[in-house]
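Notes to accompany the following structure.
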Amino acid sequence: MPELPEVETVKLGLSKNLETLGRIEQVKLFRKDLRFEFPKKMKNALEGQKILSISRRAKYLVFETQDYVWLCHLGMTGAWRQETGDHQKQPHDHFRVSFESGRSWVYRDPRRFGYMDLIKKGSSIVWFEHLGPEPLESSFSSEYLFQKSRNKKAPIKNFIMDQKVVVGVGNIYASEALYMARVKPSKASHRLTRKQAELLVSSIKMVLKKALKSGGSSIRDYKNADAEMGYFQQSLKVYDRAGKPCFSCKKPIKKITQAGRSTFYCSNCQV
DNA sequence: CGCTGACCCTGACGGC
DNA sequence: TGCCGTCAGGGTCAGC
411 MPELPEVETV KLGLSKNLET LGRIEQVKLF RKDLRFEFPK KMKNALEGQK
461 ILSISRRAKY LVFETQDYVW LCHLGMTGAW RQETGDHQKQ PHDHFRVSFE
511 SGRSWVYRDP RRFGYMDLIK KGSSIVWFEH LGPEPLESSF SSEYLFQKSR
561 NKKAPIKNFI MDQKVVVGVG NIYASEALYM ARVKPSKASH RLTRKQAELL
611 VSSIKMVLKK ALKSGGSSIR DYKNADAEMG YFQQSLKVYD RAGKPCFSCK
661 KPIKKITQAG RSTFYCSNCQ V
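Residue numbers (the numbering used here): 411 to 681.
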């Protein structure tokens with residue numbers, strides 16, 4: 411679930427009525443680790459703090475309190491749930507913060523590929539040090555991608571999924587953007603033409619923006635348990651459509667494996 | 001340097 | 001019905 415657009419949507423959801431949340435009254439860890447151990451100081455440090463803002467960098471949620479930057483990466487299956495009053499712990503609930511207002515946030519993550527970290531404000535955030543530009547910011551330009559891809563032999567799909575190149579392009583949107591730009595995923599990055607770099611950059615931006623727009627509904631749907639399907643079926647042109655006809659030329663969509671991940675493309679439309 | 005495969009973990013799904 | 005293999009949207013790392 412946690413594509414960049416969904417992390418953004420989670421951010422917006424948690425940001426609602428942030429000013430009426432009040433201080434963090436209690437932090438509860440239901441286990442000692444997710445992908446990594448929770449910071450030892452986490453509970454003590456956060457209790458009494460107030461969440462001042464929520465932002466996003468790459469696929470990290472960034473909670474700013476008076477004294478700390480609290481990071482949360484959702485991994486593959488991480489999700490936040492907002493609750494009011496008393497609630498029963500559900501399977502795979504690992505973490506809960508309760509606020510003065512009586513509201514609480516519960517982190518659930520079946521596969522536990524997510525993680526959290528707590529950094530004293532003013533300290534450098536190591537997790538962010540080697541991240542490339544945000545895909546929707548102007549610094550991610552065709553000129554940037556073109557220059558960056560010179561002398562890189564890696565397939566273009568791997569290249570755009572490399573967080574040092576650009577953040578937030580996941581496995582689904584990599585395939586989708588390459589299809590939109592009509593670029594073959596296996597193409598060596600350094601062989602990308604200027605024109606293709608332009609098309610690819612605008613495709614990445616377009617695909618993410620479109621997903622961002624339907625992101626809200628995707629999250630609502632997600633809670634309704636069956637709407638995730640609807641979201642996928644409506645918006646994805648190649649992902650998970652192996653063997654099905656290309657919407658443009660009707661030839662069957664191909665599925666290959668690159669760097670251990672599935673890639674979907676049209677061998678006729680993409681060059 | 002770049003690529004593959006293993007790994008972290010659980011659940012869903014399809015085939016038999 | 002149930003068991004088993006495969007795969008999943010993220011990311012890192014050793015090893016070739």
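Every residue gets a Cβ at the ideal spot worked out from N, C-alpha and C, and that includes glycine. For clarity, every value in this text was computed on a predicted model and none was experimentally measured.
Rounded Cβ spacing between residue i and residue j (contact assumed at less than 8 Å)
| i | j | result |
| --- | --- | --- |
| Phe509 | Glu435 | 6 Å |
| Pro373 | Tyr675 | There is no way to answer for residue 373, as the model of the chain reaches only from 411 to 681. |
| Arg491 | Val516 | 5 Å |
| Lys562 | Phe569 | 6 Å |
| Tyr478 | Ile582 | That pair is no contact at about 32 Å. |
| Lys453 | Val437 | 4 Å |
| Asp443 | Gly485 | Actually they do not touch by this definition, with Cβ atoms about 13 Å apart. |
| Gly578 | Leu414 | 4 Å |
| Arg466 | Glu418 | 6 Å |
| Lys395 | Gln476 | Residue numbering for the chain in the displayed model covers 411 to 681; residue 395 lies beyond these limits and cannot be assessed. |
CB of residue i within 9 Å of CB of residue j, strictly
| i | j | result |
| --- | --- | --- |
| Leu471 | Lys426 | no |
| Trp537 | Leu481 | yes |
| Ala587 | Ser613 | yes |
| Arg671 | Met571 | yes |
| Val576 | Pro543 | yes |
Beta strand (DSSP E) segment containing residue i, residue limits
| i | result |
| --- | --- |
| Leu481 | Tyr478 to His483 |
| Ile508 | Contrary to the premise, residue 508 reads as Ser rather than Ile in this sequence. Asp503 to Phe509 is the span of the beta strand (DSSP E), which, as asked, contains Ser508. |
| Phe674 | Arg671 to Tyr675 |
| Val516 | Arg513 to Arg518 |
| Met526 | Tyr525 to Lys530 |
| Ile666 | Lys664 to Gln668 |
| Arg467 | Ile461 to Arg467 |
Residue i, buried or exposed, once every other Cβ within 10 Å from all chains shown has been counted against 16
| i | result |
| --- | --- |
| Thr603 | exposed |
| Ala584 | buried |
| Asp636 | Interpretation of Asp636 is limited by its pLDDT of 35, a score under 50 that renders its predicted location unreliable; the figure taken from the coordinates is listed afterwards. Answer is exposed; the Cβ neighbour count stays below 16. |
| Ala669 | exposed |
| Thr667 | exposed |
| Pro429 | For the sequence presented, residue 429 should be read as Glu rather than Pro. Glu429 should be labelled exposed. |
| Val681 | exposed |
| Gln573 | exposed |
| Ser463 | exposed |
| Ser533 | exposed |
N- and C-terminal bounds of the alpha helix (DSSP H) containing residue i
| i | result |
| --- | --- |
| Val472 | Not the alpha helix (DSSP H): Val472 falls in the beta strand (DSSP E), residues Tyr470 to Thr475. |
| Glu493 | Unbroken run through Glu493 is the beta strand (DSSP E), Ala489 to Thr494; no alpha helix (DSSP H). |
| Thr419 | Leu414 to Ser425 |
| Met452 | Met452 to Leu456 |
| Lys438 | Run containing Lys438: none in the alpha helix (DSSP H); it sits in the beta strand (DSSP E), Ile434 to Leu439. |
| Ser559 | Ser552 to Ser559 |
| Leu541 | Leu541 -> no alpha helix (DSSP H), and no H or E assigned at all. |
| Ile694 | Since the first residue shown for the chain is 411 and the last is 681, residue 694 is missing from the structure and cannot be characterised. |
| Met571 | Ile566 to Met571 |
Heavy atom of the ligand ATP within 8 Å of residue i beta-carbon
| i | result |
| --- | --- |
| Arg592 | Ligands in the displayed structure: none, and consequently the ligand ATP is not present. |
**Prompt:** How do the segment 652-667 and the segment 547-555 stand: do at least 3 beta-carbon pairs fall below 8 Å, yes or no?
**Reply:** no
**Message:** Within 8 Å, do at least three Cβ pairs link the segment 487-502 to the segment 520-536?
**Reply:** With a cut-off of 8 Å on Cβ pairs, the segment 520-536 is in contact with the segment 487-502, counting three or more such pairs.
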